[in-house]
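Here the sequence shown is numbered in this note's numbering, starting from 1338 and rising by one per residue.
Backbone N, C-alpha and C fix where the C-beta goes; we use that ideal spot for every residue, glycine too.
To keep things clear, I will list the structure first and then write my remarks on it.
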Amino acid sequence: MSTELLIFIFFSLLLVFSALKVIIVNNSVKAAIFLVLSFFCSAVLWLLMNAEFLSIILILVYVGAVMVLFLFVVMMLDINLSNIKEKFVNYLPLGLFIFLVIALLLILFFDNQFSDVDRNIVTEINILNDNNTMNLGYLLFTEYIIAFEIAGIILLLGIISSITLTQQKNNDNKYQAPHDQINVTKSDRLKIIKDEEFRK
């Protein structure tokens, strides 16, 4: 048994264990840490399959950015676990139905994914065979250029939408004007009201 196979078996079992712990543990912080471990094991498996680009992206994006932010959010939230456990059984049939639908869609997707791929492109990629990053870029800008451009447009729309939402002014918001507060005078701050009805 080779060393590469032993490493693959070890990290595969560790990946299954950490993925199960994500859905079993009650503490959300521990679940997030086990999810980080799952991402790390997946990155090692991708590295063993010579997919070094995907492995590095998984570590940098998911573990380095998304999961750190998620950990901070989870640690700041006060989650009532008893209410979550009570509602879990009610949503179990719906969850199983969604799982079966997604599994069926994935089977159909992987069955038809490579049926229309140009065989010449696949042959050229096998001839290149320099590194995974070059092969991925070659596929993105040849066979999947339209999908790549659409994904870029969607991301651009998301950025523009978020900037637009933050630039909208809400007149109901209360804010302080330090310059006006410093330059305030006694005549501006106090206003004497004569109540004629009270005198009567």
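Once DSSP output is grouped into helix, strand and coil, what is the label at residue i?
i: N1469; result: helix
i: F1478; result: coil
i: Q1513; result: coil
i: M1325; result: The first residue shown for the chain is 1338 and the last is 1537, placing residue 1325 beyond what the model contains.
i: M1386; result: coil
i: Y1399; result: helix
i: V1405; result: helix
i: F1446; result: helix
i: T1522; result: coil
i: V1362; result: coil
i: L1357; result: helix
i: V1381; result: helix
How long is the line joining the alpha carbons of residue i and residue j, rounded to whole angstroms?
i: H1516; j: S1524; result: 17 Å
i: Y1481; j: I1490; result: 14 Å
i: L1502; j: F1347; result: 47 Å
i: L1429; j: L1437; result: 12 Å
i: E1389; j: L1445; result: 27 Å
i: L1395; j: K1511; result: 42 Å
i: M1413; j: V1366; result: 10 Å
i: I1464; j: L1442; result: Because I1464 carries a pLDDT of 47, less than 50, the predicted location of this residue cannot be relied on, and no value is offered for it.
i: L1476; j: V1426; result: 44 Å
Roughly how far, in whole angstroms, is the beta-carbon of residue i from the beta-carbon of residue j, given that I think they are within contact range, below 8 Å?
i: A1368; j: V1362; result: 5 Å
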